[in-house]
Every structure is written in C-alpha cells, then in structure tokens.
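Quick note on numbering: the sequence shown equals residues 1 to 139 in our numbering.
Positions of the beta carbon are idealized from the N, C-alpha and C atoms, including for glycine.
Working notes for the structure below.
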Amino acid sequence: MFRASRVALAAAIKPMKASTGITGLHAVVDPLPTLKQHYQHTLNLLASLPNTSVYRQATEATTKHKMSIIDKANGDVKAVEKELGEMAEQSIQVAKDELKLAAKMLEWKPWEKLEEEAPPHQWRYFDPGSDEADVPSQH
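The structure is reproduced here in structure tokens:
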C-alpha cells in the first residue's frame with residue numbers, strides 16, 4: 001500500500017528545478033500562472049493607450065501571441081520554454097520589464113505631438129545608397 005501511494009505522490013508532484021543557472025535569477029515553482037498573470041496585467045495597462053499607438057499595437061500582438069503559447073501548452077513548461085526560446089524564469093523577467101515600460105509609456109505619452117518642431121532631417125536615417133553630403137550640416 002505504501003509503495004503504491006509513493007508512486008502516485010511522485011507522479012502528482014511536479015519536479016522543481018533547483019536553479020536556473022543564471023546568477024540572480026531564481027527558479028520559480030510554477031512559472032506559467034505567474035507569467036500569464038504578468039501578460040494579463042500588461043494587456044490591461046496597454047488598453048489605456050490609444051488604439052493608434054504603434055507601441056500598443058506591437059506589444060499587444062506580441063503579448064497575446066505569448067499568452068496563446070502558454071494556453072496551447074496545457075501546463076507543459078518545457079513546451080512553453082521551447083516555443084519562447086528561453087527559460088520561463090527569463091520570460092517572467094522580460095514580462096515584468098515590459099509591464100514597467102508600458103506604465104512609463106502611459107506616463108510619457110509618445111503618441112502626442114512634440115512640444116517643439118523637430119529640426120529638419122532629425123528623423124532621417126542613414127541610407128546606404130545615398131550620399132551623406134545631401135544632409136545639411138546642423139552646425
């Protein structure tokens with residue numbers, strides 16, 4: 001009886017990794033609910049940004065895609081890690097950072113007009129096929 005219980009218990013308990021192997025990044029017992037929670041908080045915050053915000057559009061699409069990976073994996077951490085291309089703990093850290101950035105974007109309002117007009121050619125990027133002398137000097 002005891003032997004059968006031990007086998008059932010071992011099957012029910014998810015093995016926890018002892019370490020991530022990355023200094024300062026601790027292993028998480030059940031990372032997928034934590035990761036999904038961070039993604040959901042990010043999506044909630046992004047909803048406060050205008051629909052026309054390019055940052056909102058790109059981040060929303062990426063976050064929804066990552067959430068769909070978690071949903072499809074049905075709790076399989078290894079499958080999520082393989083699909084995301086990194087450890088779940090790393091993904092959690094990235095999700096935390098994205099949430100902080102989304103809050104900053106809400107504060108900074110980059111979708112609004114500039115307070116001052118930008119100088120000519122400020123937003124012109126280097127074009128390898130053009131001559132740099134075409135751009136007037138700002139001196």
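Under a three-way DSSP split, which group does residue i fall into?
i	result
Y125	coil
N144	As shown, the chain starts at 1 and ends at 139. That puts residue 144 outside it, with no answer to give.
D97	helix
L49	coil
T63	helix
W108	helix
V28	coil
K113	coil
P120	coil
S19	coil
E83	helix
Could you pull out every residue in the same chain whose Cβ sits closer than 7 Å to the Cβ of residue i, ignoring the five residues on either side in sequence?
i	result
M105	L49 and Y55
P27	Before going on, a small fix: residue 27 reads as Ala here, not Pro. The residues are M16, K17, A18, S19, T20 and E89.
I70	L32, L35, K36 and V80
S53	W111
M87	T20 and E81
G75	L32
A102	T42, L45, L46 and T59
K66	Y39 and L84
Got a sec? Which residues, its chain only, sit under 8 Å from residue i by beta carbon, not counting five neighbours each side?
i	result
T62	none
A73	L32, A79, V80 and E83
S68	none
Q93	L25
Sorted by chain position, which residues of the same chain lie with C-beta nearer than 6 Å to residue i's C-beta, five sequence neighbours on each side aside?
i	result
S91	L35 and L84
N51	none
K64	none
E115	none
Inter-stretch contact (C-beta, 8 Å, three-pair minimum) for the region 37-54 and the region 91-102: Taking 8 Å as the limit for Cβ pairs, the verdict is that the region 91-102 does touch the region 37-54.
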